[in-house]
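Q: Residue numbers (the working numbering): 241 to 473. The beta-carbon is built from N, C-alpha and C at its ideal position, and this holds for glycine as well. Below are the structure tokens for one structure; questions will follow.
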């Protein structure tokens, strides 16, 4: 994702003038820590020598403020779960995120897949949950038609395919004879939203807690369910 230059400059000023850490800058700007690191890695922090008492108190107040916002968003997620889970595919969305969602940043919600139905469902839920400024990144093979890929995903997601960022897969060459795996590449849909990520964490915790209860009540429940649906031996 290419961010405007003024965002990068703001991040660098927060480093040099406010002496904030990479985590703190990422929190304030709701951006990935890896992005912030690339922008400020050449700038020394020197916070122990350069911080005044007022600056330290200001930073602590800022940290407390954002923690309070995250905690409130998490509580909101817990409160709204019982209503949301009644809606078709919501639990599917949360379960999918448990399995394949991006979890390395508390500021980002991101999920990638090669199945257009999975990606469309994830993008639909992100929009329904109030996410704004969705970003799309597509990993593709060397011999794939980029215009075709953008047209395909643009139709699937009902967006202008030109907004999709294209990323060549670094661990493979041509798609020849592997069409069944990712005919249209692997698309990631993401949003940088700290509060949505906190709400999502609450939903994840609720779903995982239910799984734990089901497993404790009947350790063979999953196996029995699979056999009942013709999935077991």
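Bridge partners for residue 375 per DSSP, in chain order?
A: What you label residue 375 is simply residue 135 of the chain shown in a count that begins at 1. In the DSSP output, where bridge partners are listed per residue, residue 375 has 430.
Q: So residue 406 and residue 352 are in contact, right, with Cβ under 8 Å, and what is the actual spacing, rounded?
A: Translated into the one-based positions of the chain shown, residue 406 becomes position 166. Translated into the one-based positions of the chain shown, residue 352 becomes position 112. Contact doesn't hold; Cβ gap of about 14 Å is too wide.
Q: Quick one: Cα of residue 451 to Cα of residue 444, how far?
A: Taking the first residue of the chain shown as 1, we reach residue 451 at position 211. Taking the first residue of the chain shown as 1, we reach residue 444 at position 204. In a straight line, the C-alpha of residue 451 is about 11 Å away from that of residue 444.
Q: By how many angstroms is the C-alpha of residue 384 removed from the C-alpha of residue 393?
A: The residue you call residue 393 lines up with position 153 of the chain shown. The residue you call residue 384 lines up with position 144 of the chain shown. Rounded to the nearest angstrom, the two C-alpha atoms are 14 Å apart.
Q: Would DSSP call residue 345 helix, strand or coil?
A: Here residue 345 is taken as the residue at index 105 of the chain shown, counted from 1. Coil, per DSSP.
Q: Compute the Euclidean distance between the alpha carbons of residue 325 and residue 265, then round it to the nearest angstrom.
A: The residue given as residue 325 occupies position 85 in the chain shown. The residue given as residue 265 occupies position 25 in the chain shown. Going by the C-alpha atoms only, they are around 34 Å apart.
Q: Are the CB atoms of residue 349 and residue 366 nearer to each other than 8 Å?
A: For the purposes of this step, residue 349 is taken as the residue at position 109 of the chain shown. For the purposes of this step, residue 366 is taken as the residue at position 126 of the chain shown. The answer is yes: Cβ separation under 8 Å.
Q: Taking only the alpha-carbon atoms, compute the straight-line gap between residue 251 and residue 370 and give it to the nearest angstrom.
A: Within the chain shown, residue 251 is the residue found at index 11, counting from 1. Within the chain shown, residue 370 is the residue found at index 130, counting from 1. Going from the Cα of residue 251 to the Cα of residue 370 covers about 26 Å.
Q: Do residue 316 and residue 439 come within 8 Å of each other at the CB atom, strictly closer than that value?
A: Start at 1 with the first residue of the chain shown, and residue 439 comes out as number 199. Start at 1 with the first residue of the chain shown, and residue 316 comes out as number 76. Yes; because the gap between Cβ atoms is below 8 Å, this pair is in contact.
Q: Starting from the Cα of residue 299, find the closest Cα among 248, 390, 254 and 456 and give me that residue.
A: The count along the chain shown starts at 1 and reaches residue 299 at position 59. Proximity to residue 299 across 248, 390, 254 and 456 peaks at 254, based on C-alpha coordinates.
Q: Within 10 angstroms of the Cβ of residue 313, are there 16 or more other Cβ atoms? Answer buried if so, exposed if not.
A: What you label residue 313 is simply residue 73 of the chain shown in a count that begins at 1. It counts as buried.
Q: For residue 288, I'd like the list of residues in its chain whose CB is within less than 6 Å of its CB, leaving aside the five on either flank, ordered along the chain.
A: Indexing the chain shown from 1 puts residue 288 at position 48. Because residue 288 sits at a pLDDT of 47, beneath the cut-off of 50, its placement in the model cannot be relied upon, and the following sentence gives the value as read from the coordinates. Nothing meets the Cβ criterion.
Q: Report, in whole angstroms, the separation of the C-beta atoms of residue 373 and residue 422, which I expect to be a contact under 8 Å.
A: In the chain shown, the residue the question calls residue 373 occupies position 133. In the chain shown, the residue the question calls residue 422 occupies position 182. Between residue 422 and residue 373 the Cβ distance is about 26 Å, and since that is not below 8 Å, they are no contact.
Q: What span of residues does the beta strand (DSSP E) with residue 405 cover, start to end?
A: Walking along the chain shown from the start, residue 405 turns up at place 165. Start and end: 405 to 408.
Q: Have a look at residue 284 and residue 276 and give me their C-alpha separation to the nearest angstrom.
A: In the chain shown, counting from the first residue as 1, residue 284 sits at position 44. In the chain shown, counting from the first residue as 1, residue 276 sits at position 36. Each residue's alpha carbon lies about 14 Å from the other.
Q: Output yes or no for whether 8 Å exceeds the beta carbon distance between residue 435 and residue 309.
A: Start at 1 with the first residue of the chain shown, and residue 435 comes out as number 195. Start at 1 with the first residue of the chain shown, and residue 309 comes out as number 69. For the 8 Å CB-CB criterion, residue 435 and residue 309 form a contact.
Q: With DSSP collapsed to three states, give me the class of residue 351.
A: To locate residue 351, count along the chain shown from 1; it is residue 111. Three-state DSSP puts residue 351 in a strand.
Q: Please state if the CB of residue 271 and the CB of residue 432 are separated by a distance shorter than 8 Å.
A: What you label residue 432 is simply residue 192 of the chain shown in a count that begins at 1. What you label residue 271 is simply residue 31 of the chain shown in a count that begins at 1. Contact flag set, yes.
Q: In chain order, what residues of the same chain have a beta carbon less than 6 Å from the beta carbon of residue 248, not counting five sequence neighbours either side?
A: Residue numbering aside, residue 248 sits at position 8 when the chain shown is read from its first letter. So the qualifying residues of the chain are 279.
Q: Check whether the Cβ atoms of residue 318 and residue 446 lie closer than 8 Å to each other.
A: Numbered from 1 along the chain shown, position 78 holds the residue referred to as residue 318. Numbered from 1 along the chain shown, position 206 holds the residue referred to as residue 446. In contact: residue 318 and residue 446 (Cβ atoms closer than 8 Å).
Q: If you check the beta carbons only, do residue 361 and residue 333 fall under 8 Å apart?
A: One-based indexing of the chain shown puts residue 361 at position 121. One-based indexing of the chain shown puts residue 333 at position 93. Yes, these two residues count as a Cβ contact at 8 Å.
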